[in-house]
Structure formats: structure tokens, C-alpha cells
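Quick notes on the structure that follows.
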Amino acid sequence: MNKKYIVTLTADERQSLESLVNRGRVAARKVKRAGILLKADAGPGGPSWSDEQIQQAFDVGLMTIYRTRQTWVEEGLPAVLTARAPTRRRPRRLDGDQEAHLIALACSRPPPGRRRWTVRLLAQKFVELGYSEPLSPETVRQTLKKTNSGRTW
């Protein structure tokens, strides 16, 4: 198979990766990625293992090997060894005003026939009052949890 990203390590890179692998307390992800690079090295003196051999030796998927090679070629060694921060950001379902109304509703008296509010009841009543589009009970739970508010009666 023709590889798109070919790893060729310099002597210094090889030495630093070998010391990382042989060091005592290092994150398992770093050790595994360093080992993948060492075995994939197609430079002079490198073992130049196939992806299948690396997969069996390190018990990783082929995509992990592919992405490790790609990251090394495109971004360099530090990018391979450090984990990226998550880039996905979800927009907030409720703004500050809506959260205040939800907390006020949770602190009010429960509907007739109920001893206390449930998150499902709060979600339904909140939508009935027109404060929000339909929202899940989990959104209500997380909002109330982060406010740490308690009832006063």
C-alpha cells in the first residue's frame, strides 16, 4: 500500500522518543504515540514497520496510526505527543434571564397534588409559561445543579 504520510525521524528525534518510551512515569497516550512513530520510521536506521505490524504490536486501530503519521508530518512532534483541547462548543440553551425564571419557578410552590417539583414538571411548566422553546429535563437539572439554590419554605 502506498503511504501518503511517511515518517522519517532525525537522530535527535529518535533519541528523544526512545528516552520518552523508556522513562518511568509518562502518560500512556504519549508512550503509545512515540512507539508508533519509532516503529513507523522509514529513515536510515529505522525499522519501517507496516501499519499492520504496528497495529498488532501496540493494539491500536489503523486510523490511530494514520492520524499519528499525519499529525507528525503536518504539525511536528509536539503536536503528536500532546492532546488537543476539544474544539466543539455547544451554545447555551438558556440565557441568564431564562435561568433566573427557572430558578424562581423551582423555588415556588409545586402544582396542586404534588409535594415537590420534578425536573420533568419544571421543564413542562417552563415551556407552558412561554419562557423557552421545548427543553429537556436534563437541561433543567444541569441549570439547577450549577446554581446550588435551595428552597426557603
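In my numbering, the protein residues as written are 326 to 478. C-beta: ideal position from N, C-alpha, C; glycine also. All figures in this text were calculated on a predicted structure; none of them were measured in a lab.
Alpha-carbon spacing of residue i relative to residue j, whole angstroms
i: Ser461; j: Gln340; result: 53 Å
i: Arg439; j: Arg417; result: 30 Å
i: Ile379; j: Ser373; result: 10 Å
i: Thr477; j: Arg413; result: Note that Thr477 scores a pLDDT of 46, beneath 50, so its modelled location is shaky; the value from the coordinates is reported in the next line. Between Thr477 and Arg413, the C-alpha separation is close to 38 Å.
i: Lys328; j: Pro459; result: 49 Å
i: Glu463; j: Ala448; result: 9 Å
i: Glu388; j: His426; result: According to the sequence provided, residue 388 is Met. The question's Glu does not apply to it. Their Cα atoms are separated by approximately 47 Å.
i: Gly371; j: Leu362; result: 10 Å
i: Leu469; j: Leu402; result: 44 Å
Boundaries (first-last residue) of the alpha helix (DSSP H) holding residue i
i: Leu362; result: Ala353 to Ala365
i: Leu430; result: Gly421 to Cys432
i: Glu377; result: Asp376 to Phe383
i: Arg339; result: Ala336 to Asn347
Anticipated Cβ contact below 8 Å, residue i with residue j, distance rounded
i: Val385; j: Lys364; result: That pair is no contact at about 11 Å.
i: Ala359; j: Leu345; result: 5 Å
i: Arg466; j: Val444; result: 5 Å
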